[in-house]
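Undergrad:
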Amino acid sequence: FISRWLRDFKNRNGLNGAEELVAPHMLLLLVLVCSFLFTFMRRS
Numbered sequence: 007f008i009s010r011w012l013r014d015f016k017n018r019n020g021l022n023g024a025e026e027l028v029a030p031h032m033l034l035l036l037v038l039v040c041s042f043l044f045t046f047m048r049r050s
């Protein structure tokens with residue numbers, strides 16, 4: 007999954023500069039949500 011995402015990211019990287027900025031932010035948001043859910047599950 008990650009290798010496919012990196013390949014798509016590299017392809018997008020050459021096409022558009024705007025999406026290059028969007029993709030890492032979406033990934034960061036996903037990581038934050040996952041970590042929040044993980045800590046919430048452990049607490050309860």
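In this text, residue positions in the sequence shown follow the numbering used here: the first is 7, and each later residue adds one.
Using N, Cα and C, we set each Cβ at its ideal position, and we do this for glycine too.
Roughly how many angstroms lie between the CA atoms of GLU30 and LEU43, to the nearest whole one?
TA: A small correction: the amino acid at residue 30 is Pro; Glu does not occupy that position in the sequence shown. Cα to Cα, the separation comes out at about 20 Å.
Undergrad: Could you check the C-alpha separation between ASP14 and LEU35 for me, to the nearest Å?
TA: 19 Å
Undergrad: Taking the straight line between their C-alpha atoms, what separation do you get for ILE8 and LEU33?
TA: 11 Å
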